[in-house]
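J.:
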(Lines of atoms letter the chains of each structure in order from A and count residues from 1; the text may use other names and numbers.)
(Lines give C-alpha, C1' and ligand atoms only; values in the text may rest on other atoms or scores of the structure.)
Protein backbone atom coordinates (compact mmCIF):
# COMPACT_ATOMS: atom_id res chain seq x y z
CA UNK A 1 0.00 0.00 0.00
CA UNK A 2 2.83 2.39 0.86
CA UNK A 3 4.41 2.11 -2.61
CA UNK A 4 1.03 2.84 -4.19
CA UNK A 5 0.56 5.93 -2.02
CA UNK A 6 4.02 7.26 -2.87
CA UNK A 7 3.40 6.59 -6.58
CA UNK A 8 0.16 8.58 -6.30
CA UNK A 9 1.99 11.44 -4.57
CA UNK A 10 4.61 11.71 -7.31
CA UNK A 11 2.05 11.32 -10.09
CA UNK A 12 -0.55 13.79 -8.73
CA UNK A 13 1.55 16.11 -6.52
CA UNK A 14 -0.64 15.58 -3.43
CA UNK A 15 -1.59 12.84 -0.98
CA UNK A 16 -4.01 12.93 1.96
CA UNK A 17 -3.67 10.60 4.94
CA UNK A 18 -6.81 10.93 7.13
CA UNK A 19 -6.00 11.55 10.78
CA UNK A 20 -2.36 12.36 10.00
CA UNK A 21 -2.07 15.11 7.40
CA UNK A 22 -1.33 15.85 3.77
CA UNK A 23 1.74 15.67 1.59
CA UNK A 24 2.25 17.94 -1.38
CA UNK A 25 5.04 18.35 -3.89
CA UNK A 26 5.93 21.99 -4.54
CA UNK A 27 8.27 23.16 -7.25
CA UNK A 28 10.90 25.71 -6.23
CA UNK A 29 11.92 27.86 -9.23
CA UNK A 30 15.52 28.27 -10.39
CA UNK A 31 17.53 31.00 -8.70
CA UNK A 32 20.64 32.95 -9.72
CA UNK A 33 23.29 33.57 -7.07
CA UNK A 34 25.22 36.50 -8.55
CA UNK A 35 27.70 36.73 -5.67
CA UNK A 36 28.93 33.15 -6.10
CA UNK A 37 28.31 33.04 -9.88
CA UNK A 38 25.96 30.06 -9.62
CA UNK A 39 22.68 28.99 -11.17
CA UNK A 40 20.69 26.96 -8.69
CA UNK A 41 18.26 24.68 -10.53
CA UNK A 42 14.52 24.30 -10.03
CA UNK A 43 13.65 21.33 -7.88
CA UNK A 44 10.66 19.62 -6.27
CA UNK A 45 10.18 19.72 -2.49
CA UNK A 46 7.93 17.36 -0.53
CA UNK A 47 5.95 19.38 2.05
CA UNK A 48 3.85 18.00 4.89
CA UNK A 49 0.99 19.85 6.54
CA UNK A 50 -1.31 18.91 9.40
CA UNK A 51 -4.48 19.75 7.48
CA UNK A 52 -6.78 16.76 7.41
CA UNK A 53 -8.22 16.53 3.91
CA UNK A 54 -10.06 13.45 2.80
CA UNK A 55 -8.89 11.72 -0.40
CA UNK A 56 -11.12 12.21 -3.42
CA UNK A 57 -12.59 9.58 -5.74
CA UNK A 58 -9.71 10.08 -8.16
CA UNK A 59 -7.33 8.81 -5.45
CA UNK A 60 -9.43 5.72 -4.80
CA UNK A 61 -9.68 5.03 -8.55
CA UNK A 62 -5.88 5.15 -8.71
CA UNK A 63 -5.56 2.70 -5.78
CA UNK A 64 -8.16 0.39 -7.36
CA UNK A 65 -6.25 0.31 -10.65
CA UNK A 66 -2.85 -0.21 -9.02
CA UNK A 67 -3.88 -2.94 -6.57
CA UNK A 68 -6.66 -4.50 -8.68
CA UNK A 69 -9.31 -3.94 -5.98
CA UNK A 70 -12.90 -2.72 -5.91
CA UNK A 71 -13.49 0.76 -4.49
CA UNK A 72 -14.91 -0.36 -1.12
CA UNK A 73 -11.89 -2.59 -0.49
CA UNK A 74 -9.52 0.20 -1.58
CA UNK A 75 -11.14 2.64 0.87
CA UNK A 76 -10.96 0.03 3.63
CA UNK A 77 -7.26 -0.76 2.91
CA UNK A 78 -6.37 2.94 2.86
CA UNK A 79 -8.13 3.56 6.19
CA UNK A 80 -6.39 0.50 7.71
CA UNK A 81 -3.02 1.76 6.46
CA UNK A 82 -3.61 5.22 7.96
CA UNK A 83 -4.72 3.68 11.28
CA UNK A 84 -1.64 1.41 11.33
CA UNK A 85 0.63 4.35 10.48
CA UNK A 86 -0.90 6.45 13.25
CA UNK A 87 -0.53 3.64 15.83
CA UNK A 88 3.12 3.10 14.75
CA UNK A 89 3.72 6.81 15.27
CA UNK A 90 2.13 6.59 18.74
CA UNK A 91 4.38 3.66 19.73
CA UNK A 92 7.70 4.50 18.03
CA UNK A 93 7.40 8.30 17.60
CA UNK A 94 8.71 8.00 14.04
CA UNK A 95 7.96 6.01 10.91
CA UNK A 96 10.17 5.79 7.85
CA UNK A 97 8.29 6.02 4.55
CA UNK A 98 10.73 4.43 2.10
CA UNK A 99 11.45 6.57 -0.92
CA UNK A 100 9.98 9.65 0.74
CA UNK A 101 11.28 10.40 4.24
CA UNK A 102 10.62 10.10 7.95
CA UNK A 103 7.39 11.11 9.67
CA UNK A 104 7.93 12.07 13.34
CA UNK A 105 5.37 12.46 16.12
CA UNK A 106 5.89 15.51 18.27
CA UNK A 107 3.92 16.53 21.37
CA UNK A 108 0.10 16.69 21.39
CA UNK A 109 -0.29 14.50 18.28
CA UNK A 110 1.43 16.90 15.92
CA UNK A 111 3.64 15.52 13.19
CA UNK A 112 6.72 16.71 11.34
CA UNK A 113 8.30 15.35 8.19
CA UNK A 114 11.96 15.07 7.17
CA UNK A 115 12.53 14.29 3.50
CA UNK A 116 15.08 11.66 2.42
CA UNK A 117 15.36 13.06 -1.07
CA UNK A 118 18.74 14.78 -1.56
CA UNK A 119 17.87 17.35 -4.17
CA UNK A 120 21.48 18.53 -4.64
CA UNK A 121 22.48 15.11 -5.99
CA UNK A 122 19.60 15.08 -8.46
CA UNK A 123 19.95 18.69 -9.56
CA UNK A 124 23.51 20.06 -9.24
CA UNK A 125 24.29 23.76 -9.04
CA UNK A 126 25.82 25.15 -12.23
CA UNK A 127 28.71 27.64 -12.34
CA UNK A 128 27.94 30.60 -14.58
CA UNK A 129 29.93 33.46 -16.07
CA UNK A 130 28.62 36.69 -17.50
CA UNK A 131 28.95 36.87 -21.29
CA UNK A 132 29.58 40.32 -22.73
CA UNK A 133 28.94 40.60 -26.46
CA UNK A 134 30.49 43.68 -28.02
CA UNK A 135 28.24 43.79 -31.08
CA UNK A 136 24.92 43.09 -29.36
CA UNK A 137 22.54 45.92 -28.56
CA UNK A 138 20.78 45.87 -25.21
CA UNK A 139 18.92 48.34 -23.00
CA UNK A 140 20.64 50.14 -20.13
CA UNK A 141 18.81 52.20 -17.53
CA UNK A 142 20.67 55.42 -16.70
CA UNK A 143 18.89 57.46 -14.05
CA UNK A 144 15.30 57.62 -15.23
CA UNK A 145 16.14 57.12 -18.93
CA UNK A 146 16.45 53.88 -20.82
CA UNK A 147 19.11 53.97 -23.51
CA UNK A 148 20.77 51.34 -25.66
CA UNK A 149 24.41 50.46 -25.15
CA UNK A 150 25.32 52.00 -28.54
CA UNK A 151 23.72 55.31 -27.52
CA UNK A 152 25.69 55.21 -24.26
CA UNK A 153 28.95 54.63 -26.19
CA UNK A 154 28.27 57.74 -28.31
CA UNK A 155 27.50 59.81 -25.20
CA UNK A 156 30.60 58.60 -23.41
CA UNK A 157 32.83 59.10 -26.50
CA UNK A 158 31.70 62.73 -26.77
CA UNK A 159 32.80 63.28 -23.18
CA UNK A 160 36.18 61.59 -23.71
CA UNK A 161 37.14 63.46 -26.95
CA UNK A 162 38.93 66.14 -24.93
CA UNK A 163 42.41 64.69 -25.50
CA UNK A 164 45.50 66.04 -23.76
CA UNK A 165 47.72 68.22 -25.98
CA UNK A 166 50.70 68.55 -23.66
CA UNK A 167 53.01 66.83 -26.12
CA UNK A 168 52.41 69.64 -28.66
CA UNK A 169 53.70 72.06 -26.08
CA UNK A 170 56.72 69.84 -25.41
CA UNK A 171 57.64 69.78 -29.13
CA UNK A 172 57.19 73.54 -29.45
CA UNK A 173 59.39 74.22 -26.42
CA UNK A 174 62.05 71.83 -27.74
CA UNK A 175 62.12 73.65 -31.10
CA UNK A 176 62.28 77.04 -29.39
CA UNK A 177 65.17 75.80 -27.21
CA UNK A 178 67.04 74.25 -30.17
CA UNK A 179 66.89 77.37 -32.40
CA UNK A 180 69.28 79.50 -30.24
CA UNK A 181 71.62 76.54 -29.77
CA UNK A 182 71.75 75.87 -33.53
CA UNK A 183 72.24 79.60 -34.33
CA UNK A 184 75.07 79.87 -31.82
CA UNK A 185 76.70 76.66 -33.03
CA UNK A 186 76.55 77.47 -36.80
CA UNK A 187 77.24 81.19 -36.56
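In our numbering, the protein residues as written are 11 to 197. Beta carbons: idealized from backbone N, C-alpha and C, even for Gly.
At what residues does the alpha helix (DSSP H) containing residue 79 begin and finish?
T.: Segment: none, residue 79 is in no alpha helix (DSSP H) and carries neither H nor E.
J.: Grab the span of the alpha helix (DSSP H) containing residue 180 for me, first residue to last.
T.: It spans 176 to 196 - the alpha helix (DSSP H) in which residue 180 sits, taken as one unbroken run.
J.: With DSSP run on the structure shown, which of helix, strand or coil describes residue 2?
T.: Limits of the chain in this structure are 11 at one end and 197 at the other, which puts residue 2 out of reach.
J.: My guess is that residue 65 and residue 37 are in contact by the Cβ rule of under 8 Å, so how many angstroms apart are they, rounded?
T.: About 22 Å separates the two Cβ atoms, so there is no contact after all.
J.: Could you give the distance in angstroms between the alpha-carbon of residue 148 and the alpha-carbon of residue 140?
T.: Roughly 14 Å between the two C-alpha positions.
J.: Could you tell me which whole beta strand (DSSP E) segments of length 3 or greater appear in the stretch 99 to 139?
T.: Listed in chain order, the complete beta strand (DSSP E) runs (minimum 3 residues) inside the stretch 99 to 139 are 104 to 107, 111 to 115 and 121 to 125.
J.: Cα separation between residue 91 and residue 42?
T.: Answer to the nearest angstrom: the Cα atoms are 42 Å apart.
J.: Rounded to whole angstroms, what is the Cα-Cα separation between residue 24 and residue 134?
T.: One C-alpha to the other measures close to 25 Å.
J.: Could you give the distance in angstroms between the alpha-carbon of residue 47 and the alpha-carbon of residue 69?
T.: Rounded to whole angstroms, residue 47 to residue 69 spans 43 Å at the Cα level.
J.: Starting from residue 48, follow the beta strand (DSSP E) in both directions and report where the run begins and ends.
T.: It spans 48 to 50 - the beta strand (DSSP E) in which residue 48 sits, taken as one unbroken run.
J.: Using 10 angstroms around the beta-carbon of residue 31, count the other beta-carbons present and answer buried if the total reaches 16, otherwise exposed.
T.: Residue 31 comes out buried.
J.: When you compare only the Cα positions, how much space is there between residue 162 and residue 146?
T.: Those two C-alpha atoms are separated by around 13 Å.
J.: Rounding to the nearest angstrom, what Cα-Cα distance links residue 106 and residue 85 in this structure?
T.: Their Cα atoms are separated by approximately 23 Å.
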